[in-house]
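So the structure is just underneath, and the comments pick up after that.
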Amino acid sequence: MLLFALATAVAATRTQDDSTAVSYAGSWFKLTSAQFDGGGATTSMDTGARAVFGFTGSAVRWIAFRDEWSGRANLYLDGALQATIDTYSSPSQARSVIWEATGLSGGGHTVTIEVVGTHNASSGGSWVWIDAFDVDTAPGPSPLSITTSSLPDGAQDAAYGATLTAAGGTTPYRWSVVSGSLPAGLTLASDTGTISGTPTAAGTNAFTAQVTDAAFQSTTRPLSLTINAGTGPELMPASASAWSTFAPRAQSAPVVSTSSGAGGYALNISGGGLPDVYGGWRTRIGGIVGGNYYRFSVRALPADILSLRESISILLRWSGSFGPEVSPDYVWDFRPAAQPQGALIFDRIVQAPAGSTAVDVDLLLQWSAGGRVMFDQLSLTRSAAPATRNVRVAAIYFRPSGTQSGYESVQRVASYAEQVAMDHRPDIMVLGEQLNTIGAPGTPDSQAEPVPGMSSDVIAGVARRQAVNIVFGFVERVGDRLYNTAVLLDRNGNVAGRYHKVQLARPEAEAGMAPGDSVPVFDLDFGKVALLICNDLAFPEPAREAALQGADLLLVPFWGGRVSLARARAVENGIHLAISGYDQASEVVDPLGVVLASTGEITGAPKVAIADIDLSHRFREPWLGDWRDISNKERRTAPYRYRVP
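The following block contains the structure:
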């Protein structure tokens, strides 16, 4: 474990105060004297002034001068506050070891010394000194890691056993599941990492395993475990003769044919030169049981189709003891097939609505005059339910005020966020916009920092210690440019993604910030997320870009604005939304626009909105169906050509 104490120096590599390994922010002064190590030392009494020392080693010591005019300093290790140290001494002491940390893991570390600007009653000043740093370069423990990358499949009602493995750190290890869950019937032994038991249900469970070593260092890894069930009989017709052609109008009917293909036969459709072509192949499959899950898959080989999503349509039309209020299901998402080149796999598990007895499978080509598509490898079988993707979301309301610096604002928010993480164990937390400027004096230009950097490292420490994903807003400096940035940290505190605000508000442009030029989507251990910022939600395009790329959840640092538009982005795209506000409540919203959790009335006190959501859950509405399907499948792009001159 880490040990913090006053200590005497030991043999080590010494770094002087004026080394390039030490960086300073704020007002610092260099003084020379024979009493200082190396003949000089650096000092400051400027509140918030910081010295940062970067090093690689297993132990570090801060060496400094201390006297009757010395004050207090905050000491941070890897961005986490370790202690507030009173450096006062009477009589004075030169080359004193003020603080020490040992037993550090391998890899790089930072020590940050921040001038508090206060002193005890006996001291005549608040000076803090930097004389030198000692680093033990003897190898410490290698970084802790989970070496298991995948788990073998299991079978329902059959004994299962597999052991998670780790490397590095200090043994013994302790194991746990920090998000998601193991399949029903299985347990994880905390002392051995063995997953064992007899699974009682088929399906795939995603979860995040965490290992903690004897020095209380932790790391996580997302894993999944599939339990197979005996597949039911193939329900898809074995012959093309069971399929019939269909088209709503003879004038727009496609050209259809059959041929041999993988799995026995292929169904072909071409546009025949008709811009309004619409039609294809249909078959009815009986023996469907309402409430059961079914897996449909098909390989498609398209040619000369401009928009695959728009022009290739696959529909499952359910029939049974209900009417048209039960809408069909699209199978709209696809991935590249292994072969041949250009082939696609459409694959989806869907639940038959209650009362279903049959399903019509439609394969069609629409609005592609020169397009062609061949379908083969058709399959429909009963399936286990898709794995649940349970996620606990924390939307934090915390508006710092009266701070001395942006760094202090970040520290305050990070401290509250860590308490939230300990109390509620969320999978993802979203914090506010521009954390390193809110409540602090100065301009965005004066507060901007790179990422990773000193302020972002504070939040990274929370993510790492609490094994939680975190999104926060930040004024980022990239070279000579400033961006309003949303940063995504994974459970290990690593930067998993960043987004530069596309729709800058006028004051941001007037402050010299540069706009972003894209809306990326990022993979986390529970699904795909996109980051937006405040004014982005006033326009439909940023959220639309995220949804079309498959985002499950929008995470939005949100200073203030029209909350109705924020909720509209969730509804129009059929995805969840979490915002962290300053001028309005922080909240979590579902794809129907229902507020699942809110911090409520703004009182100035920090609050958090916690919601448990299942990203695998579908939101089907009578007559309409699943709007996420409709939004992704039916949204057209080609007609919208107007560009503002």
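The letter at position 230 of the sequence shown is residue 236 when you use my numbering, and the numbering goes up by one with no holes. Built from N, CA and C at the ideal position, the CB exists for glycine as well.
DSSP on residue 647, reduced to helix/strand/coil? Counted from its first residue, the sequence shown places residue 647 at position 641. In this structure, residue 647 counts as coil in the three-state DSSP scheme.
Alpha carbon to alpha carbon, how far is residue 397 from residue 626? Give it in angstroms, no decimals. Looking up residue 626 in the sequence shown gives position 620. Looking up residue 397 in the sequence shown gives position 391. Each residue's alpha carbon lies about 20 Å from the other.
Taking the continuous beta strand (DSSP E) assigned at residue 167, which residues delimit it? In the sequence shown, the residue the question calls residue 167 occupies position 161. From DSSP, the beta strand (DSSP E) with residue 167 extends over 166–169.
Along the alpha helix (DSSP H) that carries residue 623, what are the first and last residues, could you check? The residue given as residue 623 occupies position 617 in the sequence shown. Annotation for residue 623: no alpha helix (DSSP H) segment contains it, and DSSP assigns it neither H nor E.
Does DSSP put residue 314 in a helix, a strand or coil? Locating residue 314 in the sequence shown gives position 308, counting from the first residue. The three-state reading of DSSP puts residue 314 in helix, counting H, G and I together.
What did DSSP end up calling residue 612 once you bin it into helix, strand or coil? Taking the sequence shown and counting its residues from 1, the one referred to as residue 612 is at position 606. In the structure shown, residue 612 sits in coil (DSSP, three-state: anything other than H, G, I, E or B).
DSSP bridge partner residues for residue 69 (one or two, in chain order): Residue numbering aside, residue 69 sits at position 63 when the sequence shown is read from its first letter. Per the DSSP secondary-structure output, residue 69 pairs in a beta bridge with 103, 138.
Helix, strand or coil at residue 590 [DSSP, three-state]: One-based indexing of the sequence shown puts residue 590 at position 584. Here residue 590 sits in coil by DSSP.
Can you look up residue 3 in the DSSP assignment and give me helix, strand or coil? Because residue 3 is not part of the residues shown, which for the chain are 7 to 651, the question remains open.
Residue 495 vs residue 465 beta-carbon contact at 8 Å: Stepping through the sequence shown from its first residue, residue 495 is reached at position 489. Stepping through the sequence shown from its first residue, residue 465 is reached at position 459. Yes; because the gap between Cβ atoms is below 8 Å, this pair is in contact.
I'd like the list of long-range same chain contacts for residue 90, defined as Cβ closer than 8 Å, with 5 residues on each side in sequence excluded. Position 84 of the sequence shown, counted from the start, is the residue given in the question as residue 90. Excluding positions up to five away in sequence, the list reads 78, 79, 80, 81, 122.
Along the chain, which unbroken stretches of the alpha helix (DSSP H) at least 4 residues long are found entirely within the stretch 445–473? Every alpha helix (DSSP H) of 4 residues or more that sits fully in the stretch 445–473 is shown, in chain order, as 450–453, 460–472.
Report the CB separation of residue 442 from residue 424 in whole angstroms; it is logged as a contact under 8 Å. Along the sequence shown, read from residue 1 onward, the residue named residue 442 stands at position 436. Along the sequence shown, read from residue 1 onward, the residue named residue 424 stands at position 418. In fact, because the Cβ distance is near 18 Å, the residues do not count as touching under 8 Å.
Let's see if you can read the secondary structure: which residues bound the beta strand (DSSP E) around residue 182? One-based indexing of the sequence shown puts residue 182 at position 176. Here the beta strand (DSSP E) through residue 182 covers 180–186.
Which residues DSSP lists as bridging residue 545, in chain order: Here residue 545 is taken as the residue at index 539 of the sequence shown, counted from 1. Answer is none; residue 545 lacks a bridge partner.
Drop a sphere of 10 angstroms on the beta-carbon of residue 428, count the other beta-carbons inside from all chains shown, and report buried for 16 or more, exposed for fewer. Position 422 of the sequence shown, counted from the first residue, corresponds to residue 428. Within a 10 Å sphere around the beta-carbon of residue 428 sit fewer than 16 other beta-carbons, which makes this residue exposed.
Backbone CA spacing between residue 245 and residue 292 [nearest angstrom]: What you label residue 245 is simply residue 239 of the sequence shown in a count that begins at 1. What you label residue 292 is simply residue 286 of the sequence shown in a count that begins at 1. Each residue's alpha carbon lies about 16 Å from the other.
If I measure Cβ to Cβ from residue 342 and keep anything under 7 Å in the same chain, skipping five residues before and after, which residues do I get? Residue 342 sits at position 336 when you count from the first residue of the sequence shown. Exclusion of the five residues before and after residue 342 leaves 350 as the residues of its chain whose Cβ lies within less than 7 Å of its Cβ.
For the alpha helix (DSSP H) containing residue 425, list its first residue and its last residue. Numbered from its first residue, the sequence shown carries residue 425 at position 419. Secondary structure note for residue 425: its alpha helix (DSSP H) is the uninterrupted segment 412–430.
For residue 371, does the three-state DSSP call read helix, strand or coil? Taking the first residue of the sequence shown as 1, we reach residue 371 at position 365. Strand, per DSSP.
Pick from 138, 557, 51: whose alpha carbon is nearest that of residue 26? Start at 1 with the first residue of the sequence shown, and residue 26 comes out as number 20. Check the Cα spacing between residue 26 and each of 138, 557, 51: the tightest is with 138.
Hey, how far is the Cα of residue 158 from the Cα of residue 392? Residue 158 sits at position 152 when you count from the first residue of the sequence shown. Residue 392 sits at position 386 when you count from the first residue of the sequence shown. Straight-line Cα distance between these residues: approximately 18 Å.
How big is the Cα-Cα spacing for residue 641 and residue 632? Position 635 of the sequence shown, counted from the start, is the residue given in the question as residue 641. Position 626 of the sequence shown, counted from the start, is the residue given in the question as residue 632. When rounded, the distance between both Cα atoms is 14 Å.
Rounded distance between the beta-carbons of residue 66 and residue 107, thought under 8 Å: Translated into the one-based positions of the sequence shown, residue 107 becomes position 101. Translated into the one-based positions of the sequence shown, residue 66 becomes position 60. In this structure residue 107 touches residue 66 by the C-beta definition: roughly 5 Å separates them, less than 8 Å.
With a CB to CB cut of under 6 Å and the five nearest residues on each side skipped, what residues in its chain are close to residue 309? The residue given as residue 309 occupies position 303 in the sequence shown. Excluding sequence neighbours, residue 309 sits near 378.
Whose C-beta lies closer than 8 Å to the C-beta of residue 571 among residues of the same chain, with five residues either side of it excluded? Position 565 of the sequence shown, counted from the start, is the residue given in the question as residue 571. Cβ-Cβ distances below 8 Å link residue 571 to 543, 544 in the same chain, with the five nearest sequence neighbours on each side left out; the list follows chain order.
Going by the DSSP bridge assignment, what does residue 661 pair with across the sheet? The chain is shown only over 7 to 651; residue 661 falls outside these bounds and no answer can be derived.
Alpha carbon of residue 226 to alpha carbon of residue 64, nearest angstrom: Against the sequence shown, residue 226 aligns to sequence position 220. Against the sequence shown, residue 64 aligns to sequence position 58. If I take the Cα positions, the gap works out to 22 Å.
Which word fits residue 518, buried or exposed, when buried means at least 16 other C-beta atoms lie within 10 angstroms of its C-beta? Indexing the sequence shown from 1 puts residue 518 at position 512. By the neighbour-count definition (other C-beta atoms within 10 Å, threshold 16), residue 518 is an exposed residue.
Smallest Cα separation from residue 598: which of 609, 578, 38, 313? One-based indexing of the sequence shown puts residue 598 at position 592. If we check each option's Cα against that of residue 598, 578 comes out closest.
DSSP on residue 13, reduced to helix/strand/coil? Locating residue 13 in the sequence shown gives position 7, counting from the first residue. Its pLDDT being 36, under 50, residue 13 is placed unreliably by the model, and nothing is read from it.
Exposed or buried, what is residue 646 when buried is set at 16 or more other beta-carbons lying within 10 Å of its beta-carbon? Here residue 646 refers to the residue found at position 640 when the sequence shown is read from its first residue. For residue 646, the number of other beta carbons within 10 angstroms of its own is below 16, and it is reported as exposed.
Simplified DSSP state of residue 383, which is helix, strand or coil: Along the sequence shown, read from residue 1 onward, the residue named residue 383 stands at position 377. Secondary structure of residue 383 (DSSP, three-state): strand.
Own chain, CB closer than 7 Å to residue 92, minus 5 neighbours either side, in chain order: The residue given as residue 92 occupies position 86 in the sequence shown. Excluding sequence neighbours, residue 92 sits near 78, 126.
With three or more beta-carbon pairs closer than 8 Å as the criterion, would you say the stretch 476–483 touches the stretch 557–574? Judged by pairs of C-beta atoms under 8 Å, the stretch 476–483 touches the stretch 557–574, as three or more such pairs exist.
State the DSSP-derived secondary structure class of residue 576, mapped to helix, strand or coil. As a first step, residue 576 is located in the sequence shown; it is residue number 570 there, counting from the start. In the structure shown, the three-state DSSP call for residue 576 is helix.
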